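So the protein sequences, as listed, match chains U and A. Residues 1 to 346 (the numbering used here) make up the first sequence, in order. Residues 1 to 346 (the numbering used here) make up the second sequence, in order.
Protein chains: 2
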Amino acid sequence: MKKILIPPSTEYTIGRDLLKQLQEICSGQRAILIADAAIKETYAADLAKAIDAELLSIPSGERTKNEEMKQNLLSQLFQLGCDKETLIIACGGGVTTDLVGFVASVYMRGLSLILIPTTLLAVVDASIGGKTAINTRYGKNLIGTFYHPKHIFADLNVLKTLPEKEWFNGLAEILKMGLIYKPAIWESFNFQDPECIFQAIEGKVEIVTQDPTEQSIRRILNFGHTLGHALELVSDYEMSHGEAVALGCAAEAHLSMQMGYLSQEDFEQVVRRFSQFSLELPKKYTRSKLLSALLHDKKKARSQTRFVLIDKIGHALAFEGAYCQAVTHAQLEPTLNWMEEWKSGR
Amino acid sequence: MKKILIPPSTEYTIGRDLLKQLQEICSGQRAILIADAAIKETYAADLAKAIDAELLSIPSGERTKNEEMKQNLLSQLFQLGCDKETLIIACGGGVTTDLVGFVASVYMRGLSLILIPTTLLAVVDASIGGKTAINTRYGKNLIGTFYHPKHIFADLNVLKTLPEKEWFNGLAEILKMGLIYKPAIWESFNFQDPECIFQAIEGKVEIVTQDPTEQSIRRILNFGHTLGHALELVSDYEMSHGEAVALGCAAEAHLSMQMGYLSQEDFEQVVRRFSQFSLELPKKYTRSKLLSALLHDKKKARSQTRFVLIDKIGHALAFEGAYCQAVTHAQLEPTLNWMEEWKSGR
């Protein structure tokens, strides 16, 4: 078992058999457990019983993470008469932690929050750093807050039960961490190894601690996500986040090469590693849809989409503290060509 | 002109002829000025032109501060293509600063925010301390965030043009500050005097600095507001905030006496001072509606409504750090009787 403190106020516990600690924290408090419907009847029901929490659920999937579901959850909390002393526990993947975190952050200006990530992606990425969000029709994660949970509990026993597709989802983020910041992860990569998971968590904690509100270095976590989010939006969220990030990382490595920063050798190594993912473009893909989706990327400044770029495996470019670089349509074109051909070439 | 620093990151400037400073801050940035419709064509239009900002507006009145208007503003910002570098400027009273502050806090997880309060109430109270909010059908300010503006600019020249009703609105909050924390304000009260306004601002800044997220002493600012908010809700926001707070303060002073903390002499002094307000119950008032509205008060804990109480003019009770006290229906009854009779007695 490991405990990691994430400033300003989060204690992250990862290991096995964490129930007793959670019980102690919840003892004597009214708690509402909000879980992904996929685990409601199983893991979440047992958990709610063990900590004496009321159980609510949200439908699975990225399309749940919207304004309507946020309003629905808030209404349920009002109807249950929840007050400022009520504890909110989010149990599920990144969709659940993002959505429930947002709800907890605005209900009476903020309730105490505990996250119980149950997917590899949420364990290594979504649960860390205080970002909450919902999607809008203009794009992914465009409405949200920075709001820090009091505790995160990640149960390694739960991860063992994940379907392969969910492992791939988390894997894409772990590989991304290897590409931008932790070359050791890239080299020694073995996704069965908890040590690899710890390293990915530590990488993210180091980055968000340096720059909690994403004014500078935290932007590098968006590597692979500028195209990745746009692809998810174009697919109407039929593409999983992991698949989109994997294709996004490969394409943004191509862009890094195209812009003269990354060697061809490193680029090819990136593509080889990500080949374990399907890397297929979504059925609804057209280039004009993708370009339109890029228009609402949050890194955009003065009408130009900005990308995080790498100059070698394990290192993102600083660009004098901006950690991202404006890219024109003309500069992006060869990368989009590559991405579209990649699909037909397989 | 005075400058007051409000931790963690707000600079409050109050005085006359502040335009030049605002121009310097906005220079070279895209800015959206969101103003109360009542001042859109006059003050706000001139201001927007002077700082080269795009101008949006919201309808006047407390009923505007709702989910629908929040969504409407967010959609307008998306349609205008606002990005994380866009500056949001809220110009108007407390409704405007609360609503626009909330919108700025969740758009792409937070845009830089400047408040230009144009009512006495917003100058001395609503603009200070980072609270943003919208109302729900369950009650007032039940959804919101803590989010700090970079700057607040209060122009004393604008205050001079306020209608009398707006002066009374702010007056109620200034008197409340005198009751709970700054006896000097209560004694020397002259609402034409900027010094009195400065003192009220300083009182609020001292309190929110000690307890930014309202875990303890900041609760005393809710004196008069537990009944006040419930009255506003019962009136369907036909009652102004100042009128509701004035009646709330008188009634909660009665409760403080009833619970054995405040002398009858002090209570009578409070009532005399607040008699300059109409202190009428809203037309739609019934006791059961009021009790039902109290159920969603944010200070509520374990199903009991809690009240801030005073033991003399200028001092709220600490209750071992809770700064509020559970009150049963039976204990509240004499105060509700007093409040209802007060109406018919006038």
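The beta-carbon is built from N, C-alpha and C at its ideal position, and this holds for glycine as well. As the structure is a prediction and not an experimental result, all values here were calculated from the model.
Taking C-alpha positions only, LEU171(A) is separated from LEU121(A) by approximately 7 Å.
Under the 10 Å beta carbon count, THR286(U) is surrounded by fewer than 16 other beta carbons and is classified as exposed. Residue range 54-58 is occupied by the beta strand (DSSP E) that includes GLU54(U). If you draw a straight line from the Cα of ILE197(A) to the Cα of ILE207(U), it comes to about 44 Å. Bridge partners of PRO117(U) according to DSSP: GLY92(U). Contacts with chain A (Cβ-Cβ distance below 9 Å) from the region 78-107 of chain U involve PHE78, GLN79, GLY81, ASP83, LYS84, GLU85, PHE102, SER105, VAL106, TYR107, listed in chain order.
Annotation: ALA133(A) to ALA104(A) spans about 11 Å, alpha carbon to alpha carbon. Using a 10 angstroms sphere on the CB of GLN276(A), the tally of other CB atoms stays under 16, which defines it as exposed. From the listed residues GLN199(A), GLU243(A), GLU187(A), the smallest Cα separation to GLU166(A) is found for GLU243(A). Assignment of LYS140(A) by DSSP, reduced to helix, strand and coil, places it in the strand class. Sequence-distant partners of LEU5(U) (beyond 5 residues in either direction) whose C-beta falls short of 7 Å from its own C-beta, in its chain, are GLU11.
In the structure shown, GLY15(A) adopts extended strand secondary structure according to DSSP, grouped into three states.
Rounded to whole angstroms, the separation of the alpha carbons of ALA126(A) and ALA184(A) is 21 Å. Exclusion of the five residues before and after GLN258(U) leaves GLN331, PRO334, THR335 as the residues of its chain whose Cβ lies within less than 8 Å of its Cβ. Neighbourhood of ILE143(A) in chain U, by CB distance below 9 Å: LEU74, VAL106, TYR107, MET108, ARG109, in chain order. Straight-line measurement puts the Cα of MET108(U) at about 15 Å from the Cα of ALA293(A). Around the Cβ of GLU62(U), a 10 Å sphere holds 16 or more other Cβ atoms; the residue is buried.
Here TYR285(A) carries a coil assignment [DSSP, helix/strand/coil]. Under a 10 Å Cβ-count criterion, GLU68(U) is classified as exposed, with fewer than 16 other Cβ atoms of the shown protein chains found around its own Cβ. Here the region 146-163 of chain A does not lie against the region 230-237 of chain A, with fewer than 3 beta-carbon pairs under 8 Å apart. Close partners of LYS131(U) in chain A (Cβ separation under 9 Å): ARG109. The beta carbon of PHE146(U) falls within 9 Å of a beta carbon belonging to chain A, placing the residue at that interface.
By the Cβ-count criterion, ASN157(A) is exposed, with fewer than 16 other Cβ atoms from all chains shown falling within 10 Å of its own Cβ. Not one beta carbon of chain A lies nearer than 9 Å to the beta carbon of GLN210(U). With its beta carbon at least 9 Å from every one in chain U, GLN199(A) lies outside the interface.
Around the beta carbon of ASP83(U), 16 or more other beta carbons lie within 10 angstroms, which makes this residue buried. Residue environment analysis places GLU173(U) among the buried positions, since at least 16 neighbouring C-beta atoms fall within 10 angstroms of its C-beta. Judged by pairs of C-beta atoms under 8 Å, the region 261-272 of chain U does not touch the region 209-220 of chain U, as fewer than three such pairs exist. Here ARG273(U) carries a helix assignment [DSSP, helix/strand/coil]. Per DSSP, reduced to three states, the secondary structure at SER112(A) is strand. In this structure, GLN304(U) places its C-beta atom within 9 Å of the C-beta atom of ALA326(U). Its Cα nearest to that of ASN141(U), the residue LYS131(U) stands out among PRO149(U), HIS148(U), LYS131(U), TYR147(U). Segment contact: the region 72-79 of chain U against the region 10-27 of chain U, fewer than three CB-CB distances shorter than 8 Å; contact not assigned. Ranked by Cα distance from LEU279(A), the first of ARG306(A), ILE313(A), SER240(A) is SER240(A). The C-alpha of PHE153(A) lies about 29 Å from the C-alpha of THR136(A).
The DSSP-derived three-state label of HIS148(U) is coil.
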